[in-house]
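Heads up: the structure comes next, in structure tokens.
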Amino acid sequence: DAIDLFSKVEDNEKLKGKKMILKSASVVMIASRKSQLPKNMKHILKGADVSKKDLSRCYRLILREVCPHLKTNLKPSKCIAQIATKLGICGDVEDKCKKVAEYLKDRELLTGRNPFTIAGVAVYMATQVQPE
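Right under this line is the structure:
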């Protein structure tokens, strides 16, 4: 999937002058979001020696030119799983975090926010109610 996307990026005329590392990092970011294994820009920037501004521009350009139909909507529940694993949170608390995230989503309290922000808020709220 990422290989197909990268070949489309390479064939696109508007992306001809971009650095290879920018195109590669952008494709990795898009592929990870498409496969519901989200990696935020900080993770990608650690591996690539590029600026955040350049990566953001290239990422948006690829989305606009190569795959405008692609929806990269991340769900906070996927982000919660990643955060819970990193923090060593048990399954019960993780389930409560997901319920809190759904509650916030249903009430439209954090509409338009980054899914990692919503996940962080849900983890914080759930761990305050039920500390480990």
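This note's numbering applies: residue 18 is where the sequence shown begins, and numbers increase by one. Each residue gets a CB set at the ideal place from its N, CA and C atoms; glycine is no exception. Quick caveat: nothing in here was measured; it's all calculated off a predicted structure.
- Cβ-Cβ distances below 6 Å link Lys56 to Ser49 in the same chain, with the five nearest sequence neighbours on each side left out; the list follows chain order.
- Per the coordinates, the alpha-carbon of Arg77 lies some 32 Å from the alpha-carbon of Glu111.
- Between the alpha carbons of Lys40 and Ala101 lies a gap of roughly 31 Å.
- Uninterrupted beta strand (DSSP E) stretches at least 3 residues long and entirely within the segment 38 to 112 do not occur.
- For Leu22, the uninterrupted alpha helix (DSSP H) run begins and ends at 19 to 28, by DSSP.
- The C-alpha of Leu127 lies about 16 Å from the C-alpha of Ala143.
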